[in-house]
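Trainee:
There are 2 protein chains.
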Amino acid sequence: MASTSSPIRVAIVGYGNLGRGVEAAVAKNPDMQLKGIYTRRDPSQLQPLNADTPVHSMDVLLSHKGQVDVLILCGGSKDDLPRQAPELAAHFNLVDSFDTHARIPEHFANVDKAAQGGQCTALISAGWDPGMFSINRVLGEALLPDGATYTFWGKGLSQGHSDAIRRVEGVAGGVQYTIPVEEAVNKVRSGVRPELSTREKHQRECHVVLKDGADAEAVRKTIVEMPHYFDQYDTTVHFISAEELARDHSAMPHGGFVIRSGNTSAENKQVIEYRLQLDSNPEFTSSVLVAYARAVHRLAQAGQHGCKTVFDVAPGLLSPKSAEQLRAELL
Amino acid sequence: MASTSSPIRVAIVGYGNLGRGVEAAVAKNPDMQLKGIYTRRDPSQLQPLNADTPVHSMDVLLSHKGQVDVLILCGGSKDDLPRQAPELAAHFNLVDSFDTHARIPEHFANVDKAAQGGQCTALISAGWDPGMFSINRVLGEALLPDGATYTFWGKGLSQGHSDAIRRVEGVAGGVQYTIPVEEAVNKVRSGVRPELSTREKHQRECHVVLKDGADAEAVRKTIVEMPHYFDQYDTTVHFISAEELARDHSAMPHGGFVIRSGNTSAENKQVIEYRLQLDSNPEFTSSVLVAYARAVHRLAQAGQHGCKTVFDVAPGLLSPKSAEQLRAELL
């Protein structure tokens with residue numbers, strides 16, 4: 256775990272919000288070097304944050320094997336990562352942010368097979384949920400086995416729910432915020448281990464721009480009654496102008512809490528809380544990916560091949576500092 | 256990381272508040288078995304929580320080698336652990352809660368030498384600070400390199416400061432609570448990265464029982480002006496009766512916050528907060544020790560000998576669940 260003298264060479268695969276976040280994050284880590292961005296688009300059309308960052312076509316990626324220590328995959332969990340991660344893990348060490356919780360075991364198996372075959376190290380599902388929140392769920396349970404874990408999300412912009420709103424007839428645009436119910440959070444914090452329904456944990460707040468001539472009440476009803484997305488929640492719908500949407504709702508804040516509440520004896524309750532308040536969800540996720548890229552590089556150097564998750568990574572591996580320095584300064 | 260079928264056999268060395276907490280914690284972990292308590296006192300005089308727990312003299316510990324997978328050292332950091340941990344690490348896997356931050360590198364070196372020599376695995380400085388707070392300092396820095404870390408303690412009973420009060424002439428008894436200054440915590444949470452003096456971060460609150468005929472004002476002055484312990488803080492002293500002290504101040508609550516605040520870009524601040532609210536400081540520390548005993552057992556089984564810290568332990572190693580189960584249920 257000693258600090259290496261030559262920088263860790265990373266590359267970005269896919270350049271959306273997450274890719275831009277990774278470019279910004281690598282610049283804040285002096286032990287890392289960004290070798291380039293690989294895109295399916297025309298490389299000449301892509302505008303990296305730093306004009307000096309090399310941009311390549313995905314087609315040449317395989318020929319750059321040996322020039323990159325770790326790939327950071329910045330595609331989507333629906334279509335990109337399930338295909339890309341197993342393909343690339345046969346040739347490169349990599350990290351991804353695969354976040355379809357239900358399909359993680361399947362994704363793990365596919366990536367593991369490829370990485371084992373190629374003697375590479377791949378870490379899937381890094382980010383904050385899955386990711387840092389998952390770590391806190393595991394630690395909470397391990398430290399307080401007689402207890403209950405609660406995850407709250409928000410206040411934050413939910414991409415999936417915003418997309419659902421925008422598909423409603425009569426809607427020109429809109430965003431959805433997920434908001435933890437304060438009463439529920441405080442009850443959990445008090446250590447009483449309440450049973451909470453979906454409705455009791457989160458509220459949903461929509462800001463919607465109507466198309467010309469659309470029926471506001473019909474739109475509102477369609478949204479709040481939408482099965483799975485909204486019907487199990489208390490949802491409020493605010494109608495706003497296109498200007499207000501652009502001015503007040505283009506940031507991507509998010510965050511939330513993981514709270515473990517448990518008893519170490521009949522008399523004594525203990526509460527552990529992990530909280531994130533994020534101005535930018537994609538930039539934070541990117542920062543997590545970059546720190547895990549460092550860990551992946553070290554695991555690969557130690558010959559620990561195959562697929563890993565955040566559960567397999569010791570905290571010290573994420574830091575650029577040496578083990579000695581960490582013990583002396585931060586323990 | 257698969258769940259083992261035979262229980263992990265642990266033993267407690269030293270039976271004070273921490274030892275009692277470990278006895279309670281092991282009972283909440285079905286994959287562990289408490290083989291016994293080892294004490295320097297007369298074993299027949301010791302009253303374990305569970306009357307069936309075997310109690311032995313320290314003198315026989317070495318002859319029980321092979322019957323115990325991991326020792327949990329529950330002595331003090333001042334006199335017991337610096338001597339015991341290196342001695343025992345030559346023969347047993349073990350975990351301790353050594354918490355003299357400044358002497359950790361020295362303690363690590365001594366324990367590492369012994370553990371390497373004996374092919375044993377020893378983990379030092381487990382607990383919450385050092386321990387869980389340390390992990391969050393490392394993770395915070397790794398995820399948000401452009402940022403600042405703040406540790407606040409309390410509201411909680413400080414053993415060291417309570418002892419200092421009790422040494423003052425005219426004092427028959429007393430306790431000291433460390434209290435984070437709410438204003439400072441809120442400023443840090445807002446993401447502005449303030450520079451905070453010692454006085455601005457914590458207050459100290461003392462509850463003191465006077466000896467007959469003692470001069471209250473002289474006692475108060477001696478306490479609030481005590482170098483290092485109190486002079487750098489705003490300290491309030493309340494005089495109470497011996498009955499009030501026993502009735503209202505015999506619990507050992509503690510806790511605190513580690514907050515990392517940083518920027519991922521010029522526009523976007525991100526705040527990570529880890530918070531503990533503990534009804535019982537020793538019982539929580541004990542629960543952490545027990546979870547790390549599980550990890551130590553697994554590291555030893557994997558042939559990873561020598562001295563370790565919480566920075567070297569992957570989260571999954573702390574859980575009784577298999578890696579498959581963790582990925583499916585908690586990622």
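If you read the protein sequences in the order shown, they are chains A and B. This note's numbering puts the first residue of the first sequence at 256, with every later residue one more than the last. This note's numbering puts the first residue of the second sequence at 256, with every later residue one more than the last. Note that the Cβ used here is the ideal one computed from N, Cα and C, for glycine as well.
1. Does S574 of chain B get closer than 7 Å to chain A when you measure Cβ to Cβ?
2. Using only alpha-carbon positions, find the residue among B:I514, B:F363 and B:H457 that is nearest to D486 of chain B.
3. Where K563 of chain A and A569 of chain A are concerned, what is the direct C-alpha to C-alpha distance, given to the nearest angstrom?
4. Taking the beta carbon of P309 of chain B as the centre, do at least 16 other beta carbons fall within 10 Å, making it buried, or is it exposed?
5. If the cut is a Cβ gap below 9 Å, which residues of chain D does Y529 of chain A touch?
6. Distance cutoff 7 Å, beta carbons only. Does N284 of chain B sit that close to anything in chain A?
7. So, at 8 Å on beta carbons, what are the nonlocal neighbours of G409 of chain B in its own chain, with the 5 sequence-adjacent residues on each side left out?
8. With distances taken between CB atoms, is the gap from L326 of chain A to F353 of chain A smaller than 7 Å?
9. Is N348 of chain A close to chain B, meaning its C-beta is less than 7 Å from at least one C-beta of that chain?
10. Could you please give the first and the last residue of the uninterrupted beta strand (DSSP E) stretch that includes Q458 of chain A?
11. Residues of chain A with CB closer than 7 Å to the CB of A546 of chain B, please, in chain order.
12. Between the region 421-447 of chain A and chain B, which residues of the former have CB atoms less than 8 Å from a CB of the latter, in chain order?
13. Among all the DSSP beta bridges, which residues are the ones paired with E634 of chain B?
14. From this set, B:N391, B:V479 and B:A439, which residue's C-alpha is nearest L573 of chain A's C-alpha?
15. Within the continuous beta strand (DSSP E) that includes H493 of chain B, where are the two ends?
16. Can you find a CB in chain B that lies within less than 7 Å of the CB of F407 of chain A?
17. Tell me, to the nearest whole angstrom, how far the beta carbon of M507 of chain B is from that of S535 of chain B; I am working on the premise that it is less than 8 Å.
18. Can you tell me which of B:Q532, B:M313 and B:P400 puts its alpha carbon nearest to the alpha carbon of R295 of chain B?
19. According to DSSP, simplified to helix, strand and coil, what is Q371 of chain A?
20. Note the first and the last residue of the continuous alpha helix (DSSP H) segment covering Y432 of chain A.
21. Any C-beta of chain A within less than 8 Å: which residues of the region 331-361 of chain B qualify?
22. Quick one: Cα of D227 of chain A to Cα of S496 of chain A, how far?
23. If I'm right that L378 of chain A touches V350 of chain A with Cβ under 8 Å, what's the distance once you round it to whole angstroms?
24. Checking contacts by CB at 7 Å: is V366 of chain A closer than that to chain B?
25. Can you tell me where the beta strand (DSSP E) holding T406 of chain A begins and where it ends?
26. Helix, strand or coil: how does DSSP classify K290 of chain A here?
27. Please identify the residue among A:D334, A:N348, A:R582 and A:E528 whose C-alpha is closest to the C-alpha of A446 of chain A.
28. Give the secondary structure of L572 of chain A by DSSP, where H, G and I count as helix, E and B as strand, and everything else as coil.
29. Three-state secondary structure (DSSP) at I379 of chain A?
30. Would you please state the rounded distance, in angstroms, between the beta carbons of Y293 of chain A and V277 of chain A? I believe it to be under 8 Å.
31. In the DSSP assignment, find the unbroken beta strand (DSSP E) run with V268 of chain A in it and report its ends.
32. To the nearest angstrom, how far is it from the Cα of N348 of chain A to the Cα of G321 of chain A?
33. Going by beta carbon distance, what residues of the same chain come within less than 7 Å of L304 of chain B, once the five residues before and after it are set aside?
34. Name, please, each residue of chain B whose Cβ falls closer than 7 Å to the Cβ of V539 of chain A.
35. How would you call K476 of chain A, buried or exposed, if buried means at least 16 neighbouring beta carbons within 10 angstroms?
36. Assuming V474 of chain A contacts V463 of chain A (C-beta within less than 8 Å), just tell me the rounded distance between them.
Mentor: According to the data block:
1. It does; some Cβ of chain A falls within 7 Å.
2. The shortest CA-to-CA distance from D486 of chain B to any of B:I514, B:F363 and B:H457 is the one to B:H457.
3. K563 of chain A and A569 of chain A have their C-alpha atoms some 12 Å from each other.
4. Counting Cβ neighbours within 10 Å, P309 of chain B comes out exposed, since fewer than 16 surround it.
5. The structure shown contains no chain D; its protein chains are A and B.
6. Using beta-carbon distances, N284 of chain B counts as an interface residue toward chain A, with a partner under 7 Å.
7. Same-chain partners within the cutoff: Y432, T433, I434, P435, H457, H509, G510 and G511.
8. With a cutoff of 7 Å on beta-carbon distance, L326 of chain A and F353 of chain A are scored as not near each other.
9. So, not an interface residue.
10. Its beta strand (DSSP E) spans residues H457 to L465.
11. Ordered by position in chain A, the residues that pass the 7 Å Cβ test against A546 of chain B are A397 and L398.
12. Result list: R444 and G446.
13. What is shown of chain B runs 256 to 586, which leaves residue 634 of chain B out entirely.
14. Of the listed residues, the one whose Cα sits closest to L573 of chain A is B:N391.
15. DSSP places H493 of chain B in the uninterrupted beta strand (DSSP E) bounded by D489 to F494.
16. Contact of F407 of chain A with chain B is not assigned, every C-beta pair being separated by 7 Å or more.
17. Between M507 of chain B and S535 of chain B, the beta carbon gap of about 6 Å places them in contact (Cβ cut-off 8 Å).
18. Nearest C-alpha to R295 of chain B: B:M313.
19. Residue state, collapsed to three classes: helix.
20. Note, Y432 of chain A: premise wrong, no alpha helix (DSSP H); beta strand (DSSP E) at V426 to P435.
21. Taking 8 Å as the cut-off between beta carbons, the residues of the region 331-361 of chain B near chain A are H356, I359 and P360, in sequence order.
22. Past the edges of chain A, shown from 256 to 586, lies residue 227 of chain A, and the structure says nothing about it.
23. Beta-carbon to beta-carbon, L378 of chain A and V350 of chain A are separated by about 5 Å, close enough to satisfy the 8 Å threshold.
24. No, V366 of chain A does not count as interfacial toward chain B.
25. Residues G402 to W408.
26. Under the three-state reduction of DSSP output, K290 of chain A falls in the strand class.
27. Here the sequence assigns Gly to residue 446 of chain A, which means Ala is not the residue at that position. Among A:D334, A:N348, A:R582 and A:E528, the Cα nearest to that of G446 of chain A is on A:E528.
28. In the structure shown, L572 of chain A sits in a helix (DSSP, three-state: H, G or I).
29. The three-state secondary structure of I379 of chain A, taken from DSSP, is coil.
30. The beta-carbon separation of Y293 of chain A and V277 of chain A, rounded to 12 Å, does not stay under the 8 Å limit for a contact.
31. DSSP places V268 of chain A in the uninterrupted beta strand (DSSP E) bounded by I263 to V268.
32. Their backbone Cα atoms lie some 11 Å apart in a straight line.
33. Answer for L304 of chain B: R275, E278 and A279, listed in chain order.
34. A small fix is needed here, since residue 539 of chain A is Phe in this sequence, not Val. Near F539 of chain A (Cβ distances below 7 Å), the residues of chain B are T519 and Q525.
35. Classified as exposed, K476 of chain A has fewer than 16 neighbouring CB atoms from the shown chains inside 10 Å of its CB.
36. V474 of chain A to V463 of chain A, Cβ: 7 Å. Contact.
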